[in-house]
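Trainee: The structure under discussion is supplied below as structure tokens; questions concerning it will follow.
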Amino acid sequence: MTALDATARPITADEPAAQGRSIGVRLWTVTAVAVLAVLVAVWITSSIDPLTAVRELVAGAVDGRDRVSETLVRAAPLALVGLGAGVALRGGVVNVGGEGQMAIGAVGAVLATLALGGTPTPLVWLVATAAAVATAALWSAIPAALAAARGVPEILSTLLMNFVTVSLMAWLLTETFLHDDDPYVITAQGDRLADRLEFPTIMDGTRFHIGIVVAIVVVVVAAWWMRTPAGLRIDLFGANRSLAAQAGVRPRRAQARLLLISAGFAGCAGAVQLFGISHRLTPGLTGGVG
Amino acid sequence: MTLELRGARKAFGSVLAVDGVDIEFRRGEVHALVGENGAGKSTVVNLIAGAHALDGGAVYLDGEPVGPLDRRRALALGVGVVHQHPGFVDTMSVAENVELGGSVRRWRTDLPGAREAVATWAERTGLSVSPDATVGSLSIGERQRAEIVAALVWGATYLVLDEPTAVLSPFEADGLLDVVEQMAAEGLAVVLVTHKLREVERSADRVTVMRAGRVVGRHERGAFTRWTLADEMVGEGEGSLEVPPPVGAGQTRVRLHLDGIRAGRLRHLDLEIAAGEIVGIAGVAGNGQRELADVATGLLRPEVGRVYVDGEDITGDAASAVRAGVAVVPDDRDNDALALGLPVWANVVAKRRSGIGGWRGLDRTAIARWTDAVIARLGVRPARRELRAGALSGGNRQRLVIGRELAGEVSAVVVSDPTRGLDPASAAAVLRALVMAADGGAAVMVIASDLDELLAIATRVVVLADGEVRLDRSRGEVDRSSVGDAMLVVTA
């Protein structure tokens, strides 16, 4: 997320950082040399030309319409979940529960579609996405409340909530009304969405759906937002909570808010993935992006 | 038996921290290195300790060039540094810490050997250090003694003490200086990096004065006084050390009112501060000063009582306090007042809720204007908006904090130990700014452990003891000893 690093640009001249940097540089050098050594060893001992491999790697991602679109399809949820984690991290809040929040967001979106029935499609998308954001935020209110009331580190609680979510999804998709209506389906999966609710694809023959455009817009807006005074306040909160408190920020509230916002992005990813790709709830909907 | 820097030069980015410095440390001497914050003292120390590489010049041991230094080589040459902020691992014992640092180049540890070495050196120097004490349980003075002993165990013959007395009580500080003199008498070279010119006068055999990265004075014992040193440190035309007395309380309009406060160790407190008043809060540390500062600035909600600024209730509400124009200068500025990782400009606008931009983004022009005004008013150096706050020296950090807090409309000022650790020029600049704020109509509360500083600018003195106001008099009615007596009244 280099776009997000732009506001608070660190500057060169200073003593402690210079020391830290030299250690950092050394670490990078050691790592790079080690990796390079292994690569060279593999190159020498195998008959495959490494340049071919690299070429294939790049080509696999960007060669041709199909592959470019598929790269974007995979990147969209990653970008949204990562954005959520990144925004929180700027404020010193570590949300590693993106995976679970994304899944629960998708559940929220499905519930919204069921509730809305025959409402016009764009409105369903809008409301369902909002529902996904809200559900994910609500889900993260559990670790947020634990942190505020008991000082439970959110890095642990959000991580562990992922496992809770996996079990919850398995139960929802086998034992409840969310389970597929088809009597022959015994695995954990939900009903297929109505065809009209699938995000239309923009390029024929690919999976490049409008959700990807949504994701890109959200990323741009968020990057912009981080460069406003609001973003600066998040940076300040992350850099020094005492100072932020003097400026009138209530630390517990701010932390909870960041966690909820962060989860909201993950929930949005859930909706995008649901309407764009999976078209039904499945345990694997998140694709391991967390 | 000397360690020398010749023609030493070190730049950080475009800032030349050390510019052609020649300095010689001799065994058997206490060598004081003095200068303002940012004069380059710490950089000199880091150069001989191998923490920074020289950009120019060289290090000589007994007249022979020693080549480039790193920390390990510097240690092997006998350079040991005890930093201002202790670096030991809290959960380990003193001996374990000593072994942790000393065993780096060995295959196995020798804890009994470390314990014995600590005990031996503690005995030789008269520094009372128990090898088995857990570092976390030690007072700051004890930790410092432990680190000095550790440096000696690791073979330091050139022992550098960076601001060693800044964290000590006057009594402890005297004891430490006794030890320092004795160590020098036994053949060690002791380098004292300090602001406290009284201590230099007392203990130093030789003084090097630095200013702006250069050596501006070299003196031997007897050829200097603390006053000549202060003049040299500040330089001519660099702003004076004078602090004009405040005009004083001509006004009676109460701006800060603490009404029946009970919070933590603060048992009961009523205090009204009028516009133009500077109320000095004296007292032995731990008598509720911290609570007082936090309550007065809305950071802490008292168990009982209310806080009013210009009649508006700000109790337990920092946001209202900021809006009401309450300025806060905490005692721990690095941890509580500055975001060291963010640039100077971000620190300057940290508390502003408006005027720094909107949804279109940050208003860089307005921010630059604000920042430049703060930098110019308090003389922050280097005057660069984009510099990380952490890259500023201690004195400049405090100038930055004071500048931020006193910019704009200020109704009340609550400052804790505003000049601690500052060089004379920075201290004077900070005190002048406080006097100006009072003369401009603000109610000023100065909570300080340093009585001299307090008496220098206060128009009224309040002594806190046992969580209550023990004494409340105007400045003219008290002197150093009457305040001191009130502080020390013992209660059952």
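Residue numbers (our numbering), protein chains in the order written: chain G, 1365 to 1654; chain A, 27 to 518.
Note that beta-carbon positions come from the ideal geometry of N, C-alpha and C, so glycine has one too.
Find the nearest neighbour of Gly1612(G) within the set Arg379(A), Leu126(A), Ala75(A), judged by alpha-carbon distance.
Mentor: Translated into the one-based positions of the first sequence, residue 1612(G) becomes position 248. Residue Arg379(A) is the option with its Cα nearest to Gly1612(G).
Trainee: Assuming contact is defined by CB atoms lying nearer than 8 Å, are Ile287(A) and Val470(A) in contact in what I supplied?
Mentor: What you label residue 287(A) is simply residue 261 of the second sequence in a count that begins at 1. What you label residue 470(A) is simply residue 444 of the second sequence in a count that begins at 1. Not a contact, by the Cβ cut-off of 8 Å.
Trainee: Once DSSP output is grouped into helix, strand and coil, what is the label at Leu1542(G)?
Mentor: On the first sequence, position 178 is the one that residue 1542(G) refers to. In the structure shown, Leu1542(G) sits in coil (DSSP, three-state: anything other than H, G, I, E or B).
Trainee: Would you check if the region 421-439 of chain A and the region 394-405 of chain A touch, i.e. whether three or more CB-CB distances between them fall below 8 Å?
Mentor: yes
Trainee: Say whether chain G places a C-beta atom closer than 8 Å to the C-beta of Thr517(A).
Mentor: Residue 517(A) sits at position 491 when you count from the first residue of the second sequence. For Thr517(A), the predicted model reports a pLDDT of 45, less than 50, meaning its position is unreliable; a value from the coordinates is still stated below. By this cut-off, Thr517(A) is not an interface position.
Trainee: With DSSP run on the structure shown, which of helix, strand or coil describes Gly342(A)?
Mentor: The residue given as residue 342(A) occupies position 316 in the second sequence. Reduced to three states, the DSSP call for Gly342(A) is coil.
Trainee: Measuring only the C-alpha atoms, how far is Phe1618(G) from Ala145(A)?
Mentor: Here the question's residue 1618(G) lines up with position 254 in the first sequence. Here the question's residue 145(A) lines up with position 119 in the second sequence. The sequence given here places Ala at residue 1618(G); Phe does not occur at that position. Looking at the two C-alpha atoms, the distance is approximately 50 Å.
Trainee: Counting only C-beta atoms, is Gln1610(G) closer than 8 Å to chain A at any point?
Mentor: Counted from its first residue, the first sequence places residue 1610(G) at position 246. Yes - at least one Cβ of chain A is within 8 Å of the one on Gln1610(G).
Trainee: Can you check DSSP and say which residues form a bridge with Pro369(A)?
Mentor: Stepping through the second sequence from its first residue, residue 369(A) is reached at position 343. Beta-bridge pairing by DSSP links Pro369(A) to Arg414(A).
Trainee: Counting only Cβ pairs nearer than 7 Å, list the residues of chain A close to Ala1417(G).
Mentor: Sequence index remark: in the first sequence, residue 1417(G) carries index 53 (1-based). Chain A residues near Ala1417(G): none, gap ~40 Å exceeds 7 Å.
Trainee: So, under 8 Å CB-CB, Gly1469(G) and Ala1620(G) are touching, yes? Tell me the CB distance rounded to an integer number of Å.
Mentor: Here the question's residue 1469(G) lines up with position 105 in the first sequence. Here the question's residue 1620(G) lines up with position 256 in the first sequence. Rounded to whole angstroms, the Cβ separation of Gly1469(G) and Ala1620(G) is 18 Å, and the two are not in contact under 8 Å.
Trainee: Specify the secondary structure class of Ala58(A) as computed by DSSP and reduced to three states.
Mentor: Start at 1 with the first residue of the second sequence, and residue 58(A) comes out as number 32. Strand, per DSSP.
Trainee: Between the region 53-70 of chain A and chain G, which residues of the former have CB atoms less than 8 Å from a CB of the latter, in chain order?
Mentor: If the cut-off is 8 Å between Cβ atoms, the region 53-70 of chain A has Ser68, Thr69 near chain G.
Trainee: Just mark Met236(A) as buried or exposed, buried being the case when its beta carbon has 16 or more other beta carbons within 10 Å.
Mentor: The residue labelled residue 236(A) in the question sits at position 210 within the second sequence. Classification for Met236(A): buried.
Trainee: When you compare the region 1510-1527 of chain G with the region 1453-1468 of chain G, are there three or more beta-carbon pairs, one atom per stretch, that lie closer than 8 Å?
Mentor: yes
Trainee: Counting contacts by CB-CB distance shorter than 8 Å, is Ala1603(G) in contact with chain A?
Mentor: Residue 1603(G) sits at position 239 when you count from the first residue of the first sequence. It does; some Cβ of chain A falls within 8 Å.
Trainee: Tell me the rounded alpha-carbon separation between Asp45(A) and His78(A).
Mentor: The residue labelled residue 45(A) in the question sits at position 19 within the second sequence. The residue labelled residue 78(A) in the question sits at position 52 within the second sequence. Approximately 14 Å, taken between the alpha carbons.
Trainee: So who's on the other strand from Asp285(A), going by DSSP bridges?
Mentor: Numbered from its first residue, the second sequence carries residue 285(A) at position 259. In DSSP, Asp285(A) forms a bridge with Arg332(A).
Trainee: Among the residues of its own chain, which have a CB less than 8 Å from the CB of Gln1553(G), if the five just before and after it don't count?
Mentor: Working through the first sequence from its first residue, we reach residue 1553(G) at position 189. Leu1537, His1543, Asp1544, Arg1644, Leu1645, Thr1646, Pro1647, listed in sequence order.
Trainee: Below 7 Å CB to CB, which residues in the same chain sit around Gly127(A) once its five sequence neighbours on both sides are set aside?
Mentor: Counting from one through the second sequence, the residue named residue 127(A) turns up at place 101. The answer, listed in chain order, is Ala176, Trp180.
Trainee: What does Gly383(A) reach in chain G if we use C-beta pairs closer than 8 Å?
Mentor: For the purposes of this step, residue 383(A) is identified with residue 357 of the second sequence, where counting begins at 1. The contacting residues are Thr1592, Pro1593.
Trainee: Can at least three beta-carbon pairs, one atom from the region 280-300 of chain A and one from the region 316-323 of chain A, be found at a separation below 8 Å?
Mentor: yes
Trainee: Taking CB distances under 8 Å as the criterion, tell me whether Thr191(A) reaches chain G.
Mentor: Translated into positions along the second sequence, residue 191(A) becomes position 165. Taking Cβ atoms only, chain G never reaches closer than 8 Å to Thr191(A), which makes this a no.
Trainee: Using CA atoms only, rank isn't needed, just tell me which of Thr234(A), Arg240(A), Pro270(A), Val269(A) is closest to Leu255(A).
Mentor: Residue 255(A) sits at position 229 when you count from the first residue of the second sequence. Leu255(A) has its Cα closest to that of Thr234(A), out of Thr234(A), Arg240(A), Pro270(A), Val269(A).
Trainee: Starting from the C-beta of Ala484(A), find all residues in its chain whose C-beta is less than 7 Å away, skip the five residues before and the five after it, and write them out in chain order.
Mentor: Taking the second sequence and counting its residues from 1, one reaches residue 484(A) at position 458. Ile304, Val305, Gly306, Val472, Arg501, listed in sequence order.
Trainee: At the level of alpha carbons, what is the spacing between Glu225(A) and Arg1597(G)?
Mentor: Indexing the second sequence from 1 puts residue 225(A) at position 199. Indexing the first sequence from 1 puts residue 1597(G) at position 233. So the alpha carbons of these two residues sit roughly 43 Å apart.
Trainee: Cβ atoms of Ala58(A) and Thr220(A): under 8 Å apart, would you say?
Mentor: Counted from its first residue, the second sequence places residue 220(A) at position 194. Counted from its first residue, the second sequence places residue 58(A) at position 32. Yes.
Trainee: Spell out whether any CB of chain G is found under 8 Å from the CB atom of Gly46(A).
Mentor: Position 20 of the second sequence, counted from the start, is the residue given in the question as residue 46(A). With a threshold of 8 Å between beta carbons, Gly46(A) makes no contact with chain G.
Trainee: Going straight from the alpha carbon of Asp88(A) to that of Phe51(A), what length do you get?
Mentor: Here residue 88(A) refers to the residue found at position 62 of the second sequence. Here residue 51(A) refers to the residue found at position 25 of the second sequence. Taking the straight line joining both Cα atoms gives about 10 Å.
Trainee: Bridge partners for Val509(A) per DSSP, in chain order?
Mentor: In the second sequence, the residue the question calls residue 509(A) occupies position 483. For Val509(A), which the question treats as bridged, DSSP gives no partner whatsoever.
Trainee: Which chain A residues sit within Cβ distance under 7 Å of Leu1596(G)?
Mentor: For the purposes of this step, residue 1596(G) is taken as the residue at position 232 of the first sequence. Neighbours of Leu1596(G) on chain A, chain order: Ala372, Leu388.
Trainee: Report the neighbours of Asp478(A) on chain C: residues whose CB is nearer than 9 Å to its CB, in chain order.
Mentor: Any reference to chain C falls outside this structure, whose protein chains are G and A.
Trainee: Return the CA-CA distance between Val352(A) and Val436(A), expressed in angstroms with no decimal places.
Mentor: Your numbering for residue 352(A) matches position 326 in the second sequence. Your numbering for residue 436(A) matches position 410 in the second sequence. A straight line joining the alpha-carbon of Val352(A) with that of Val436(A) spans about 6 Å.
Trainee: What would DSSP say about Lys67(A), mapped onto helix, strand or coil?
Mentor: Sequence index remark: in the second sequence, residue 67(A) carries index 41 (1-based). In the structure shown, Lys67(A) sits in a helix (DSSP, three-state: H, G or I).
Trainee: Give the range of the alpha helix (DSSP H) segment to which Glu431(A) is assigned.
Mentor: Here the question's residue 431(A) lines up with position 405 in the second sequence. Per DSSP, the unbroken alpha helix (DSSP H) holding Glu431(A) starts and ends at 420-432.
Trainee: At what residue ranges does the region 149-188 of chain A contain a whole run of the beta strand (DSSP E), taking only runs of 3 or more?
Mentor: 184-188
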